[in-house]
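Undergrad: Heads up: the sequence shown at position 31 corresponds to 37 in the working numbering, and the numbers run straight through without jumps. Can you read through this structure? Questions will come right after.
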Amino acid sequence: MQGGRMMDALHVEGLQVKLHNFTLNNITLDIPQGSVMGLIGRNGAGKTTFIKSVLNLLDRKGIVLFHGRSLEKDHEEVCRDIAYVGTDFDFSLNTKVKTLRKIYRDFYSEFDEQQFESLCEKSDITLKSKLSQLSLGQNKLLQLYLAICRKPVLLILDEPMANLDPITRREIIELLSEFMIDETHSILISSHLLSDLEKIADYVTLIDHGNIVLKDDMVHLQDGYYEVFVSKEELTKLPKEIIIHVRKLGDEYQALCHVLDECQLEGYHYQRADLETIMYYCCEQK
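Structure, rendered in structure tokens:
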């Protein structure tokens, strides 16, 4: 606790990364302890760059704190408390599951062998199997099992459900939900599968062209955003303070609006905006 408030699992302030053809611009973001932050955006928007820079895998400027500690000053403690699952798995396809179990057991003192074996059995992953013998879904589940059985308090996941079938994606969502039963646990997860994020995320951050263009909690995103269909004359009567973005389609205008009460839209033709629609409007401005 700090100042009577629970310390953030991740605090990022003024984060800047300059690559040869891309810039991450002055990103500031907090993930409250005990919550799931979904990171969304189109391909090349900066999601993976953000994750890698937070983990100090890229040169960066700014402040990055994990539960108030930095990787630079408290490297061992921070590395013990966070687990990262990226898009690549840096082991040979000939590596056996039991070899990975040994590596993790030897390297991480908190590694829970019994939990790991139980999870593998649940997914029909045998200890004698090579990575090459596992399906795409089993490979990703295996990576998540290894990460979770290390007993981290913060999981950082980059597209963990990409290219997976609906059943495996559901298994991952259930796995992450079980991880979050512990109120000290937190997750940062990037994904293009917005419907999956809607099931698990408490907060969503939208990145586009290296900038944060939207940050909100999932309740507000699901209940407070509407797509309003109006004529040019009706558009002028919409309160400007509720309009986020307007697009013209033929003779009609479509406006993404954020309202505190649905009654503010009385008399207009509108529908609730889902996460995909919100993302489309916000990114179309660029």
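The beta carbon of each residue, even a glycine, is placed where N, CA and C say it ideally should be.
Would you grab the beta carbon distance between residue 156 and residue 90 for me? Rounded to a whole angstrom, and I think it's under 8 Å.
TA: Within the sequence shown, residue 156 is the residue found at index 150, counting from 1. Within the sequence shown, residue 90 is the residue found at index 84, counting from 1. That pair is no contact at about 10 Å.
Undergrad: Residue range of the alpha helix (DSSP H) that residue 263 falls in?
TA: Walking along the sequence shown from the start, residue 263 turns up at place 257. Here residue 263 belongs to no alpha helix (DSSP H); instead the beta strand (DSSP E) covers 258-264.
Undergrad: Is residue 87 buried or exposed, if buried means 16 or more other CB atoms sit within 10 Å of its CB?
TA: Taking the sequence shown and counting its residues from 1, the one referred to as residue 87 is at position 81. It counts as buried.
Undergrad: Does the distance from the C-beta atom of residue 208 to that of residue 59 stay below 7 Å?
TA: Position 202 of the sequence shown, counted from the first residue, corresponds to residue 208. Position 53 of the sequence shown, counted from the first residue, corresponds to residue 59. Result no, Cβ atoms of residue 208 and residue 59 do not sit closer than 7 Å.
Undergrad: So residue 66 packs on residue 21, CB below 8 Å; how close in whole Å?
TA: Residue numbering aside, residue 66 sits at position 60 when the sequence shown is read from its first letter. Residue numbering aside, residue 21 sits at position 15 when the sequence shown is read from its first letter. Yes, they are in contact, since the Cβ atoms of residue 66 and residue 21 sit about 6 Å apart, within 8 Å.
Undergrad: If contact is defined by three or more beta carbon pairs under 8 Å, each pair taking one atom from either stretch, is the stretch 216-235 in contact with the stretch 268-277?
TA: The answer is yes - the stretch 216-235 touches the stretch 268-277, with three or more Cβ pairs under 8 Å.
Undergrad: Between the beta-carbon of residue 284 and the beta-carbon of residue 263, is there less than 7 Å?
TA: Position 278 of the sequence shown, counted from the start, is the residue given in the question as residue 284. Position 257 of the sequence shown, counted from the start, is the residue given in the question as residue 263. It is not a contact, given that the beta carbons lie outside the stated cut-off.
Undergrad: Enumerate, from N- to C-terminal direction, the unbroken beta strand (DSSP E) stretches of 3 or more residues contained entirely within the stretch 83-113.
TA: Those beta strand (DSSP E) runs which fall completely within the stretch 83-113 and span 3+ residues are 88-91.
Undergrad: Any idea if residue 269 is buried or exposed, counting beta-carbon neighbours within 10 angstroms, 16 or more meaning buried?
TA: By 1-based counting over the sequence shown, the position of residue 269 is 263. Counting Cβ neighbours within 10 Å, residue 269 comes out exposed, since fewer than 16 surround it.
Undergrad: Using three-state DSSP, classify residue 117 as helix, strand or coil.
TA: Counted from its first residue, the sequence shown places residue 117 at position 111. Here residue 117 sits in coil by DSSP.
Undergrad: Which ranges would you report for the alpha helix (DSSP H) in the stretch 145-191 if only whole runs of at least 4 residues count?
TA: Those alpha helix (DSSP H) runs which fall completely within the stretch 145-191 and span 4+ residues are 172-185.
Undergrad: Starting from residue 232 and walking both ways along the beta strand (DSSP E), at which residues does that stretch end?
TA: Taking the first residue of the sequence shown as 1, we reach residue 232 at position 226. Unbroken beta strand (DSSP E) run through residue 232: 231-236.
Undergrad: Taking DSSP's pairing of strands, which residues face residue 72 in a bridge?
TA: Position 66 of the sequence shown, counted from the start, is the residue given in the question as residue 72. According to DSSP, which records beta bridges pairwise, residue 72 is partnered with 16, 75.
Undergrad: Using a Cβ-Cβ cut-off of 6 Å (strictly less than) and excluding sequence neighbours within five positions of residue 139, which residues of its own chain qualify?
TA: One-based indexing of the sequence shown puts residue 139 at position 133. Here the set comprises nothing.
Undergrad: Suppose the cutoff is 7 Å on Cβ atoms and the five residues either side in sequence are ignored; what does the same chain contact list for residue 47 look like?
TA: Against the sequence shown, residue 47 aligns to sequence position 41. Contacts found: 53, 212, 213, 214.
Undergrad: For a quick check, are the C-beta atoms of residue 196 and residue 64 less than 7 Å apart?
TA: For the purposes of this step, residue 196 is taken as residue 190 along the sequence shown, with counting starting at 1. For the purposes of this step, residue 64 is taken as residue 58 along the sequence shown, with counting starting at 1. Not in contact: residue 196 and residue 64 (Cβ atoms no closer than 7 Å).
Undergrad: Determine the contact status of residue 104 and residue 137, defining contact as a CB-CB distance below 7 Å.
TA: As a working note, residue 104 is residue 98 in the sequence shown. As a working note, residue 137 is residue 131 in the sequence shown. Contact: no.
Undergrad: Measuring alpha carbon to alpha carbon, tell me which of 202, 126, 224 ends up nearest residue 172.
TA: For the purposes of this step, residue 172 is identified with residue 166 of the sequence shown, where counting begins at 1. Of the candidates 202, 126, 224, the one whose C-alpha sits nearest the C-alpha of residue 172 is 202.
Undergrad: Do the CB positions of residue 57 and residue 222 come within less than 7 Å of each other?
TA: For this step, residue 57 is matched to residue 51 along the sequence shown. For this step, residue 222 is matched to residue 216 along the sequence shown. No, the pair does not count as a contact, with Cβ atoms beyond the cut-off.
Undergrad: To the nearest angstrom, how far is the alpha carbon of residue 124 from that of residue 34?
TA: One-based indexing of the sequence shown puts residue 124 at position 118. One-based indexing of the sequence shown puts residue 34 at position 28. Their backbone Cα atoms lie some 39 Å apart in a straight line.
Undergrad: Would you mind giving the Cβ-Cβ distance between residue 307 and residue 100, rounded to the nearest angstrom? I have them listed as a contact below 8 Å.
TA: Since the first and last residues shown for the chain are 7 and 292, residue 307 lies out of range.
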